[in-house]
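**Student:** Residue numbers (our numbering): 105 to 359.
Even for Gly, the Cβ is constructed at its ideal location relative to N, Cα and C.
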Amino acid sequence: MSAVHLIRHGAVAELRLDNPDKLNALSMAMLDSLVAHCDAIERDEAIRAVVLSAAPARAFCAGADIAEWGDYTPRDFARHWVRAGHRAFDRLARLARPTVAAIHTHAFGGGLELAAACDARVLAPRATLALPESGLGIVPGWSGTQRLLRLMGEPAVKEMALFGRRIPAQRALALGFAAEIADDAGAAAFAMAEKAAGLSPRAVEIAKTMIHAAADEDRAAAIEALGSAAAGGTEDRAEGVAAFTDKRPAEFSGR
Ligand code: COA
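#1: Does the segment 243-261 touch the segment 183-192, meaning 3 or more C-beta pairs lie closer than 8 Å?
#2: In the DSSP assignment, find the unbroken beta strand (DSSP E) run with Cys87 in it and report its ends.
#3: Would you say the beta carbon of Leu138 is closer than 7 Å to some non-hydrogen atom of ligand 1?
#4: Taking buried to mean at least 16 other C-beta atoms within 10 Å of its own C-beta, is Ser357 buried or exposed?
#5: Going by the C-beta, is Gly241 closer than 7 Å to any heavy atom of ligand 1?
#6: Taking Gly174 as the reference, which of Ala295, Leu227, Met132 has the closest Cα?
#7: Grab me the residues of Gly268's own chain with a C-beta within less than 8 Å of its C-beta, minus the 5 sequence neighbours each way, in chain order.
#8: Under a three-way DSSP split, which group does Ile310 fall into?
#9: Could you give the DSSP three-state label for Ala354: helix, strand or coil?
#10: Could you tell me whether the segment 327-345 touches the segment 212-224, where touching means 3 or more Cβ pairs closer than 8 Å?
#11: With hydrogens ignored, establish whether the beta-carbon of Leu277 is closer than 7 Å to any heavy atom of ligand 1.
#12: Just verifying my parser: in three-state terms, what is the DSSP assignment at Asp122?
#13: For the pair the segment 124-140 and the segment 165-181, tell me if three or more CB-CB distances fall below 8 Å.
#14: Output the distance between the C-alpha atoms of Ala221 and Ala117, rounded to the nearest integer angstrom.
#15: Could you tell me which whole alpha helix (DSSP H) segments of length 4 or greater appear in the segment 132-162?
#16: How big is the Cα-Cα spacing for Asp122 and Ile242?
#17: Considering only C-alpha positions, which residue in the set Arg323, Phe212, Ala278, Ile327 is nearest to Ile170?
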């Protein structure tokens, strides 16, 4: 059965794709459990960083589980499947913890888009990246033409989406998509996550939100989150809430 497991290793949590018979292809159940795990991680202050990994298989992730598309009409496909992927990937991208993907081999289609939702990626030398959707008569629908474009640039995304080319690990490194190439991508990703886990969690979270605002990753929500956090820490906020509760006029100090 397909699953995403949440495994705790001290301050680092591992999100592990587990659907090896289908090359870790993403089922609807996996997308839903990714969202639930992200919620659980955010509630647990002891978790300071996250590694996204996959069960050993010939692919890190071969994209969406094509078998689940079944008899979807185009309208249902857009309403359910595409939306479910966006919900899960956006949740991961906006997780208030630093995330690293450990890509031991191929990341195709939705698998590549999932890796793009992480903050950093470590690739094994044999890993390749591809957007094979047009060979199936569909298009990248989980942010491959958006978030991935911001990370890799238009030429590389066009090479994959329009020409069906695979991008090898060394090229992904040169493009800045990969932080590192390592024979043991898992160990290298854990080393990155452990380093992040030793930094100030609030500073890391705020820096991530600021970078997202600048990079147009949910800019409006990022700015509101930063502003709310700044206003929420003031004496005026405490006074405003206390005055409301006491049913009296607030006396703001400006601090
Ligand atoms: N969804 C569902 N099942 C998938 C899958 C996917 N995206 N990708 C692979 N599988 C299944 C295959 O059907 C096969 O199942 P079987 O053993 O019951 O026949 C099994 O995983 C192994 O795949 P196979 O193609 O035999 O492995 P391979 O090593 O020869 O090729 C790939 C690997 C990744 C090149 C090839 O599987 C592939 O192109 N997959 C589809 C990728 C894709 O188009 N993704 C975009 C979806 S958005």
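**Tutor:** Well, looking at it:
#1: yes
#2: With the chain represented from 105 up to 359, any question about residue 87 goes unanswered, as that position is not in the structure.
#3: Here the question's residue 138 lines up with position 34 in the sequence shown. No, the beta carbon of Leu138 sits no closer than 7 Å to any heavy atom of ligand 1.
#4: Reading the sequence shown from its first residue, position 253 is the one you call residue 357. Exposed is the call here.
#5: Along the sequence shown, one-based indexing puts residue 241 at 137. Every heavy atom of ligand 1 is 7 Å or more from the Cβ of Gly241, so no.
#6: In the sequence shown, the residue the question calls residue 174 occupies position 70. Cα-wise, what sits closest to Gly174 is Met132.
#7: Taking the sequence shown and counting its residues from 1, the one referred to as residue 268 is at position 164. Excluding positions up to five away in sequence, the list reads Ala234, Pro236, Ser238, Gly239.
#8: What you label residue 310 is simply residue 206 of the sequence shown in a count that begins at 1. Three-state DSSP puts Ile310 in a helix.
#9: Start at 1 with the first residue of the sequence shown, and residue 354 comes out as number 250. Reduced to three states, the DSSP call for Ala354 is coil.
#10: no
#11: By 1-based counting over the sequence shown, the position of residue 277 is 173. Result no, Cβ not under 7 Å from ligand 1.
#12: Taking the first residue of the sequence shown as 1, we reach residue 122 at position 18. If DSSP states are grouped into helix, strand and coil, Asp122 belongs with the strands.
#13: yes
#14: Taking the first residue of the sequence shown as 1, we reach residue 221 at position 117. Taking the first residue of the sequence shown as 1, we reach residue 117 at position 13. Straight-line Cα distance between these residues: approximately 16 Å.
#15: 132-147
#16: Here residue 122 refers to the residue found at position 18 when the sequence shown is read from its first residue. Here residue 242 refers to the residue found at position 138 when the sequence shown is read from its first residue. Cα to Cα, Asp122 sits roughly 25 Å from Ile242.
#17: In the sequence shown, residue 170 corresponds to position 66, counting from 1. Nearest of Arg323, Phe212, Ala278, Ile327 to Ile170, Cα basis: Phe212.
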